[in-house]
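Okay, so here's the structure we're looking at.
So, in structure tokens, the structure goes:
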């Protein structure tokens with residue numbers, strides 16, 4: 064019996080995390096333009112009147128424009144976004160502001176992320192084991 068398997072890169076997270084972060088950032092920015100929850104793809108709740116003429120969650124653009132996406136070494140699969148102090152209030156809501164999740168990873172991100180991981184998790188070589 065002969066079995067051939069790919070060689071697994073144990074450091075796949077370190078090799079892929081910068082590229083994965085760019086994929087997550089691009090996806091979230093697309094969700095902002097559509098004004099949808101990045102996890103569920105549902106529209107954000109509208110503001111209560113009286114409202115201004117600016118797009119939902121984008122009066123000045125400071126919150127979204129200042130968002131910095133990053134990962135940390137050794138924290139596999141964890142993505143972070145740093146922004147202005149009121150970003151979490153928009154994400155989770157308050158007693159007077161409904162939650163409008165503007166950061167997240169939805170089901171539709173699994174395939175694009177898997178492609179990046181696949182590229183980095185398997186080294187070019189293969190191992191062949193022969194028994195018997």
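Residue numbers (our numbering): 64 to 195.
For every residue, glycine included, the Cβ atom is placed at its ideal position computed from N, Cα and C.
Nothing here was measured: the structure is a model prediction, and the numbers come from that model.
Cα-Cα separation, residue i to residue j
i: residue 150; j: residue 70; result: 42 Å
i: residue 100; j: residue 174; result: 19 Å
i: residue 194; j: residue 80; result: 37 Å
i: residue 107; j: residue 74; result: 38 Å
i: residue 67; j: residue 86; result: 32 Å
Span of the beta strand (DSSP E), counted from its first residue to its last, around residue i
i: residue 80; result: Where residue 80 is concerned, there is no enclosing beta strand (DSSP E), although the alpha helix (DSSP H) it sits in stretches over 75 to 97.
i: residue 143; result: 143 to 145
i: residue 69; result: 65 to 71
i: residue 131; result: 131 to 133
Buried versus exposed call for residue i [16 or more other C-beta atoms within 10 Å across all chains shown]
i: residue 126; result: buried
i: residue 134; result: buried
i: residue 94; result: buried
Residue span of the alpha helix (DSSP H) that contains residue i, given as start and end
i: residue 173; result: 173 to 184
i: residue 150; result: 150 to 155
Cβ neighbours of residue i in the same chain (closer than 8 Å, five flanking residues each side left out)
i: residue 72; result: 78, 183, 184, 185, 186
i: residue 154; result: 162, 163, 164, 165, 166
i: residue 83; result: 134, 142, 176, 179, 180
Nearest neighbour of residue i, chosen from the options [CA to CA]
i: residue 120; options: 66, 163, 86, 81; result: 163
i: residue 137; options: 67, 66, 76; result: 76
i: residue 102; options: 89, 96, 170; result: 170
Contact test: residue i Cβ vs the ligand GTP heavy atom, cutoff 8 Å
i: residue 135; result: With respect to the ligand GTP, the structure offers nothing, as it holds no ligand at all.
Close Cβ partners of residue i (< 6 Å) along its chain, the five nearest in sequence each way excluded
i: residue 131; result: 145
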